[in-house]
Amino acid sequence: MSKSLKGEPAERLGALANPHTTSVDDVLKHYGVTLQHGLDSKTVELRLKQYGPNMLAQHSKESLLSLFISQFDDLLVKILLGAAVISFILTLTEVSESYAITDFIEPLVILLILILNAIVGVWQESNAEQALEALKKLQPTVATCLRNGRWSTVDSVDIVVGDVIKLRTGNKIPADVRVCEISSTSLSCEQSQLTGESRNVAKLSKELPKDMAGCEIQEKTNLLFCGTTVSAGSCVGVVIATGMSTEIGAIQAAVLEADNQDRSTPLQRMLDDFGTTLSKFITLICIAVWAINFRHFSDPVHSNVFKGCIYYFKIAIALAVAAIPEGLPAVITTSLALGTRNMAKRNAIVRKLPSVETLGCTTVICSDKTGTITTNKMRVQLLKLFQDDHKVDQICFTPDGEVDAKSGSAKDYAAKGKLSALAETLFKCGSVCSEASVEHDEGEPTEVAILHMVDNLHAFVTGVKGQPASVGYQKSIQKDATLEFCRDRKMMSVIANENGVYQVYTKGAPESVLERCTHYMKPDGSVVPITAELKGLVLKEVELMAREALRTIAFACHSDAKDCLELYKQKSSAGAVSEGSPAFFADIERDLVYLGVTGILDPPRPHVQHAISVARRAGIRVFMITGDNKLTAEAIAKKVGIIPHEYPNVGTHLYYSFTGKEFETLSLEERRRVVSAEGVVFSRTEPKHKQEIVSLLKEMGETVAMTGDGVNDAPALKMADIGVAMGIAGTEVAKEASDMVLVDDNFQSIVAAIEEGRCIYSNMKAFIRYLISSNIGEVASIFLTAALGIPEGMMPVKLLWVNLVTDGLPATALSFNPPDTHVMEKPPRSNKEKLIDGWTLLRYVVIGVYVGISTVGIFVWWYLYGISPNDGNTLVSLEQLMHFNKCPLWSGFKVNRLAGMSEDMCSYFTLGKAKPATLSLTVLVMIEMFNAFNAVSEEASLLSVPPWLNGHLMFATFLSVSIHCAILYVPFLANVFGVVPLDVYDWIAVLLWSAPVILIDELIKAIGRRYIHKNSSPYKPLHAKKED
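If you count the sequence shown from 1, you need to add 153 to reach my numbering.
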């Protein structure tokens, strides 16, 4: 049995602490394996038992039944459920001989509402958790392994640590691997989804210095990571981690951890607080109502004390039903659904409904750079060539790679209709010295950018818009040999044959290319020696471009290169074309002629700077979190306005720039100070850094929106209050971990979604205020009825009807209120804001008390003074009405017999109350219609924001009144609800009692504008506050 470095049997070895700083020989010894034999079958079997299969951990899913039951774990739902159960029991105790379905309308309706809400909740939650399944799809199914001295295809789940595997271009890497041998001239890997880097990463087999033991993932250039892809080259490596021990496994573990944290939204917390307050209020009022009527338990009408007790207990339950806004959950769901539709029109698809409202209180946006703030398309921004007088000619390009017609020689070229010989040669070099193709839309991003430069400038100068020029060059010039890019020499070359003339075309890092140049080409194509002074001039220009985060690529050529081809063939047959033979490359890449240099950038999206400015005015801070290097990140941040152009010379107390590693070394107090700044750039970040930043912001009370597109973003997306994934460039992992997906991958869409979220919340407050004030009015009505001791006019079934149908339509229509034009000039609301503050509660109570007075008032008025001459009712005194339960004791009491009354004259107050009860119900309905008009704007008068600005509300109120009329005038419905038709006298009285609610609310709004909201003003930027 082979031994590890620590003397343990290979099948029981532990993980190697720093494989990237350990030599290949020591790594192989640790895992007890050789590159000639691989592992034997017995060792594989033992390690499979020790480490388990190479797969991500299975995620146990909650059953549909448990999901359904969990939907009832909500205080408001429990209150409704309790009311339904008690109502059901009371109905059973009251119905003695036969049961009718109408007897159970109240509990059945409540239960139906709860069941429907639970079904919706189950549907949402069962579709929300698929991130882990998407992660598993990143793992390849098979791999080529060396076992028992033979190469064979093995299922990826059976790979173990110590397995020797072979990888080539296009292979998806099945586990974390330490590169041992590179069998091509170079090896590169596409790992942007794991690290956030926007370019392919060159890989080596040599160990890194010991002082890099704790370096970032991006710096571990001799490791290949599970789920990433070999973009070029081939190699042999040894597996160092499998399954959950890989980097992608760590990400899954982080997703699981984030998933276990509290994910309640501000709206959910707000409603929970409201439910708690409501339950206390209901309990208190119900006890008060029951206790107030204690003296009536023994009234003759109840036969005995027990029946009197039960009767008033049911009245208390009716009050509970009145106090609960049963329609609120449905109206909120409808409003959020409408919000998702509006957001979809603005390129934001919301996956989780509560996220719509959460967007409205976003205080910090943590945005990825590549693809969100930038276009994720590398484009040439500058081309610098020598002029005849040794000065540098600069041709500029727009952010999307088009030629700036006013720059440099572009206009001169266009006037002549042809390129200079220098530009033509550079174009050939850029086209041929490349593995990319615009024709097939493939290749490394930097090479694609160079081809687009060739095509755009050529078309601009010649006016030819047909086949791209780069395609023509690639077809007409034959590549006989390729010297691939490697990290040591920082360049690549091709030996090309154009009509029998051989050329070496080279491109690479300017300092490396210039080092091998002996001449430079003038615009007319003539070649002259290049001096150290001219090289210095070029490098100075390169330095200026680097400050702007441009990736610089220099071009050079070598004429009459047939001897280079012969040398290449000789060396190739001798095996010299491999990693570690720099002398071979130096023999070919010599005596080069310098052509020019380009500056390449992944440019910012066109409207991002404006969107960030809008976010700032709205009190939202924007942080950039990227895996790219610090210089590039800072340059882009300056271009879009996250940090000022003068940084770090100004604003250091307002703006910061840190790599993930630098941020990690700060103390907790320093980190808090950093994330409290106006704008911060985090570069070279790993998944753990993103999580730490989001976690810290949330601990400080911020509401965080986090954007991302890669696998590495999933944990932070899951942890953030709003996870925003990219729809085009985003992985399935990121999308499934998110709350919202941007269709166009554009930062501007996030700001638009936040604006929509604020409008939705504003409208949500309007309909919540409308519904709750209506419910307070119903409570006031029942409380006044109980306190006065008069017959009850509002029975539970009527209140349910009003709460669900009559109120529900206008409440939903309030979701369409016109948006506040200044909504993005106000600070974000606190995520701890309560649904009801002191001023709001006062408004609820004032309106509610008036509703109670009106509904009870018209009821009493009918008995005392009468309303319609067609009723023929007998007028009674207030004293008689308040002590109607003692009616059997009154001698000689006589009234006109009304429809529905029994032989007993005292039934005038019970069976004969249909008309006043109908009037009371109709006043309640009409007041709530007028109150819906009041809710069009929270502060503005109806004179400035009239209700007809919301056409949906006008239609909804018309429909609600029509439905109410249906139950009045359709005999079957009238019988179900115990109501009677109203005549014109009745309607006049109803309007006189209900319309004043508009005047009362107008007065309240005026007081609010004058004394409460007078200090409300557009948001003052953070930096302005700090400087003050």
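Note that beta-carbon positions come from the ideal geometry of N, C-alpha and C, so glycine has one too.
Extent of the continuous beta strand (DSSP E) run through residue i
i	result
His711	704–712
Val647	644–651
Gly1104	Note, Gly1104: premise wrong, no beta strand (DSSP E); alpha helix (DSSP H) at 1104–1122.
Glu334	329–335
Bridge partners - residue i, DSSP secondary structure assignment
i	result
Pro663	BP columns for Pro663 are empty, so no partner.
Ser590	Glu595
Leu811	The sequence as given places Phe at residue 811; Leu does not occur at that position. For Phe811, which the question treats as bridged, DSSP gives the partners Phe835.
Lys632	Ala649
Arg300	Leu192, Arg303
Gly961	Partner(s): none; Gly961 has no beta bridge.
Ala501	Leu895
Ser341	Ala355, Ala385
Ala878	Gly861, Val894
Ile753	Val533, Arg704
Phe466	Bridge partners of Phe466: none, in fact.
Val585	Note: Val585 sits in no beta bridge, so no partner.
Neighbourhood of residue i by C-beta, 8 Å cutoff - its chain only, sequence neighbours within 5 removed
i	result
Glu1180	Caution applies to Glu1180, whose pLDDT of 37 falls short of 50 and renders its modelled position unreliable; the value that the coordinates give is listed next. Hits under 8 Å: none found.
Ile312	Asn207, Ala296, Cys298, Ile318, Pro327, Ala328, Val392, Thr395
His190	Leu299, Asn301, Gly302
Asn1023	Asp1136, Tyr1138
Beta carbon of residue i nearer than 8 Å to that of residue j
i	j	result
Leu201	Val391	no
Pro963	Leu1102	no
Leu745	Cys717	no
Lys522	Met777	yes
Asp1154	Ile1000	yes
Thr528	Arg758	yes
Gly752	Leu538	no
Thr174	Lys356	no
Val1002	Ala933	yes
Ala328	Thr436	no
Met872	Ser891	no
Ala869	Ile789	no
Thr659	Glu588	no
His672	Val681	yes
Val647	Cys586	yes
Lys791	Tyr800	yes
Glu909	Met423	no
Tyr808	Ile925	no
Pro1134	Leu1121	yes
Asn142	His449	Shown here, the chain extends from 154 to 1181; a query on residue 142 therefore has no answer.
Glu410	Glu839	no
Contact set for residue i: own chain, Cβ-Cβ below 6 Å, skip 5 residues either direction
i	result
Leu320	Val383, Cys388
Gln627	Ser584
Thr418	Pro507, Thr511
Arg165	Any reading at Arg165 needs caution, since the residue's pLDDT is 46, under 50, leaving its predicted position unreliable; the model's value is listed next. Correct list: empty, nothing qualifies.
Asp608	Pro621, Ala622, Ser623
Ser810	Glu787, Val834
Thr818	none
Gly315	Tyr184, Val186, Leu192
Close-in-space but distant-in-sequence residues of the same chain around residue i (CB under 7 Å, 5 per side omitted)
i	result
Ser305	Cys298
Val775	Ile518, Ser520, Ile765, Ala768, Ile795, Gly832
Met1082	Pro963, Thr1110, Ser1113, Val1114
Ser1055	Leu1064
Leu850	Val517, Val828, Val857
Lys149	Since the first and last residues shown for the chain are 154 and 1181, residue 149 lies out of range.
Span of the alpha helix (DSSP H), counted from its first residue to its last, around residue i
i	result
Tyr914	900–941
Ser520	No alpha helix (DSSP H) holds Ser520; the beta strand (DSSP E) holding it covers 517–520.
Thr306	First-last for Thr306: 303–308, but that is the beta strand (DSSP E), not the alpha helix (DSSP H).
Pro868	867–872
Any non-hydrogen atom of the ligand FMN closer than 7 Å to residue i Cβ
i	result
Gln346	Of the ligands one can find in the structure shown there are none, so the ligand FMN has no counterpart to examine.
Chain B contact for residue i (CB, 8 Å cutoff)
i	result
Gly619	Protein chains in the displayed structure number just one, and chain B is not present.
Complete runs of the beta strand (DSSP E) confined to the region 364–451 [at least 3 residues]: 382–385, 387–394
For a minimum of 4 consecutive residues, which ranges assigned as the alpha helix (DSSP H) are wholly contained in the region 971–1042? Secondary structure remark: continuous alpha helix (DSSP H) runs of at least 4 residues inside the region 971–1042, in chain order: 991–1017, 1031–1035.
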